[in-house]
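In our numbering, the protein residues as written are 770 to 1020. Using N, Cα and C, we set each Cβ at its ideal position, and we do this for glycine too.
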């Protein structure tokens, strides 16, 4: 199993191999982008600002591209500076790295909010992408986005949606105003999920897609989430400015 967890960002410039021996499982790839890992002080220190102290709208985005070229800046040297406005809050992978690594499970997770308190977590597909796994694919994020890309997810089990996206505002007297996902934005992208079982979890919004196909040989399930223990319900929401097709033995 291979785990990448970062609070600021990631460049993945090499290849990964996780093929097991004969009859052995291929292990799992887990990628998490979570600014809480930085142990950021509650009181700002002069000269020690983090990038999202300067720009509170920086994203929390895992970028998966169809281009196999490295995402590492050409002139980057050990200890050198990185353009925070271009790279901070982002993790860069490509389709070839992920598919050729022979992981049985591929799990990607982003944080939900930017420093300004607004939704910023996403997984972004640049180009036409097909991700394949022999066990599962999990995309734990409040937004899936593309620019005119055709995206395919193929695995026995696929989970989409954020386990953390629920925001409850306390109105008093045991009442809450709840938000689960950012607004959807249309486009010309297409997402097709082919699996034996599909879960749509918590909040999920589509940005740049006008067609989403959830095709399951078994169930398609919706799974609500609860963050604050004083709330009594488990909620979820899917937002798509386009056409949704669900095909399953049971919904």
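- Every alpha helix (DSSP H) stretch that sits fully inside the stretch 864-896 and reaches 4 residues is listed by chain position as 864-868.
- Per the coordinates, the alpha-carbon of residue 1018 lies some 17 Å from the alpha-carbon of residue 923.
- Nearest to residue 861 by C-alpha distance, out of 940, 800, 870 and 943, is 800.
- Taking the Cα positions, residue 878 is about 15 Å away from residue 900.
- Taking all protein chains in view, the Cβ of residue 771 is surrounded by fewer than 16 other Cβ atoms within 10 Å, so the residue is classified as exposed.
- Setting aside the 5 residues that flank it on each side, residue 890 is surrounded in the same chain by 829, 879, 880, 881, 910 and 911, each with a C-beta closer than 6 Å to its C-beta; the list follows chain order.
- Short of 6 Å from the beta carbon of residue 976, and not among the five residues preceding or following it, lie these beta carbons of its own chain, in chain order: 912, 914 and 954.
- By the 16-neighbour rule on beta-carbons within 10 angstroms, residue 1016 is exposed.
- By the Cβ-count criterion, residue 992 is exposed, with fewer than 16 other Cβ atoms from all chains shown falling within 10 Å of its own Cβ.
- Non-local beta-carbon contacts of residue 873 in its own chain, meaning distances under 7 Å to residues more than five positions away in sequence, involve 794, 795, 796, 797, 902, 903 and 904 in chain order.
- Straight-line spacing of the CA atoms in residue 776 and residue 894 works out to 21 Å.
- The DSSP assignment places 926-929, 936-941, 944-948, 954-964 and 966-970 as complete runs of the beta strand (DSSP E) inside the stretch 922-976, in order along the chain (cut-off: 3 residues).
- Apart from the 5 residues on each side of it in sequence, residue 967 sits with its Cβ closer than 6 Å to the Cβ of 927, 983, 985 and 989 in its chain, given in chain order.
- Look at residue 980 here: in three-state DSSP terms it is strand.
- DSSP, read as helix, strand or coil, puts residue 995 in coil.
- In the displayed model, residue 806 falls within a helix according to three-state DSSP.
- DSSP lists 859 as the bridge partner or partners of residue 778.
- Cβ contact annotation for residue 811 (same chain, cutoff 6 Å, sequence separation greater than five): none.
- By the neighbour-count criterion, in which a residue is buried when 16 or more other Cβ atoms sit within 10 angstroms of its Cβ, residue 951 is buried.
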